[in-house]
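Here the structure comes first, spelled out in structure tokens, and everything after it is commentary.
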Amino acid sequence: MFGILGRKTKDAGFWEWLAANTSRIQAGSNEDVPRITAEIKEVFGKSYPGLVWEITRAPGAPWLFCVSADGDPKLFPKVVEAVRAAPLIPGWEIHAFRPRGSLDAILDMGGRTLAYDDVWCSIVQRDGGMDVILWIRGLSQETLEALGGGALILLDNAIGEYDAVTKIKQLDRAPLPMNPQRRANFFPLAELPQFLDGLGKA
């Protein structure tokens, strides 16, 4: 949804540094990752305190540099401002907010796995957004921390940071019934992105 937004030509400290160090960053080995990560964290933090960043490698293509509010809507304007300040930097695509991810993701939480087939959602639409319940297979008081947290990760990955914060007004969790039956407002979590994209369309 948010990609390269109206690039400005004025210099910005972090983006100048990233452009000057692109070759070194992208040529680094796995052993270099901790050192490079620490460098980026320090320089980025000086220019954009309160925001966070993620890098996605893309062999043979521009890498993705994502600027995020880490789910804090009060920081959304600062995210957009940071991305708009970035010049075009060869080797990078610079995006605002964590994008949607793969719907094939499987989480391993200490020997317990959670995939998109294990999570359904029910939707109640209301003015300005919707209330969502995540129905999680195997959820109990004993598994609430692990499975409940894992389901939130899958939700954010499925619909991206912007939609997760701006469209969901209330979020709850509950155990998934043994034989869930699909309804218009109750379906697998993997179908939520398509549902959101269809809102407001005729």
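Numbering of the sequence shown is given in this note's numbering, commencing with residue 101 and proceeding in unit increments.
Each residue gets a CB set at the ideal place from its N, CA and C atoms; glycine is no exception.
Element boundaries [alpha helix (DSSP H), containing residue i]
i: Ser147; result: 133 to 147
i: Ile125; result: 113 to 127
i: Asp172; result: No alpha helix (DSSP H) holds Asp172; DSSP gives it neither H nor E.
i: Leu296; result: 292 to 298
Beta-carbon proximity check, residue i vs residue j, cutoff 8 Å
i: Pro199; j: Gly238; result: no
i: Phe197; j: Tyr148; result: no
i: Asp231; j: Lys269; result: yes
i: Lys128; j: Ile136; result: Here the sequence assigns Gly to residue 128, which means Lys is not the residue at that position. Cβ atoms of Gly128 and Ile136: closer than 8 Å.
i: Leu118; j: Gly150; result: no
i: Ala290; j: Ala258; result: yes
i: Trp235; j: Ala182; result: no
i: Ala246; j: Arg212; result: yes
i: Leu292; j: Cys221; result: yes
i: Trp153; j: Val167; result: yes
i: Asp272; j: Ile223; result: no
According to DSSP, residues forming a beta bridge with residue i
i: Ala196; result: Val167
i: Ile155; result: Phe165
Span of the beta strand (DSSP E) around residue i
i: Glu181; result: Note, Glu181: premise wrong, no beta strand (DSSP E); alpha helix (DSSP H) at 176 to 184.
8 Å Cβ cutoff, residue i in contact with chain C
i: Asp132; result: The structure shown contains no chain C; it holds only a single protein chain.
Completely contained beta strand (DSSP E) runs for the segment 202 to 287, where each covers 3 or more residues: 206 to 209, 212 to 215, 219 to 226, 229 to 236, 268 to 275
Cβ contact (3+ pairs, closer than 8 Å) linking the segment 173 to 192 and the segment 210 to 218: no
Three-pair Cβ contact test at 8 Å for the segment 153 to 165 versus the segment 245 to 260: no
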